[in-house]
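Peer 1: Each number in my numbering corresponds to the 1-based position in the sequence shown with 51 added. We treat Cβ as the ideally placed atom computed from N, Cα and C, and that holds for glycine. Quick one: the structure is below, and I'll ask about it shortly.
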Amino acid sequence: LIMTPIYRLLAHCKRKVFNTTITQPVGATAWAFKQTSFAVDHYLLAVTALGLGARPMEGIDAVKAGAVLGIPSRFVIPVAVATGTPDMPFRPSPRYPTQEVVYTDSFGNGYSE
Numbered sequence: 052l053i054m055t056p057i058y059r060l061l062a063h064c065k066r067k068v069f070n071t072t073i074t075q076p077v078g079a080t081a082w083a084f085k086q087t088s089f090a091v092d093h094y095l096l097a098v099t100a101l102g103l104g105a106r107p108m109e110g111i112d113a114v115k116a117g118a119v120l121g122i123p124s125r126f127v128i129p130v131a132v133a134t135g136t137p138d139m140p141f142r143p144s145p146r147y148p149t150q151e152v153v154y155t156d157s158f159g160n161g162y163s164e
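This is the structure:
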């Protein structure tokens, strides 16, 4: 788990997404969540280089996770990363061709090598 100290835990706004009200962080909490993504990115690269598998999990119940792990309430858990030894060989995920997702000079002008 990546933990971020947050002193204004209740600084959230509510949004309606797919007919469900979700709480989204704002202010310092939102900034800390975004900064955590950089650390998670580097962690994922590092464990992958070591031959491990890792998957970030967003949308966890941070309050329950914090209670189970004994984390003080002044900390927020923006993301958890499941890490372990893969039980199957690596298989690349399908990708769009580069020229369909990378453009030069203007949108729609596909990149070519």
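Run the CB neighbour count on Val77, radius 10 Å, all protein chains shown included, and call it buried at 16 or more, exposed below.
Peer 2: Burial call: exposed.
Peer 1: Restricting to Cα atoms, I'd like to know which of Gly121, Ile128, Thr99 and Arg106 is closest to Asp112.
Peer 2: For Asp112, the nearest C-alpha among the options comes from Ile128.
Peer 1: Unbroken beta strand (DSSP E) runs of length 3 or more, entirely within the stretch 94-140: which are they?
Peer 2: With a minimum length of 3 residues, the continuous beta strand (DSSP E) runs that stay inside the stretch 94-140 are 104-108 and 126-135.
Peer 1: I'd like the list of long-range same chain contacts for Leu61, defined as Cβ closer than 7 Å, with 5 residues on each side in sequence excluded.
Peer 2: Its pLDDT being 38, under 50, Leu61 is placed unreliably in this model, and the value from its coordinates should be taken loosely. Here the set comprises nothing.
Peer 1: Give every residue of the same chain whose Cβ lies closer than 6 Å to the Cβ of Arg106, excluding the five residues on either side of it in the sequence, and list them in chain order.
Peer 2: The residues are Ala133.
Peer 1: Answer yes or no: do Pro145 and Gly104 have a C-beta to C-beta separation smaller than 8 Å?
Peer 2: No, the pair does not count as a contact, with Cβ atoms beyond the cut-off.
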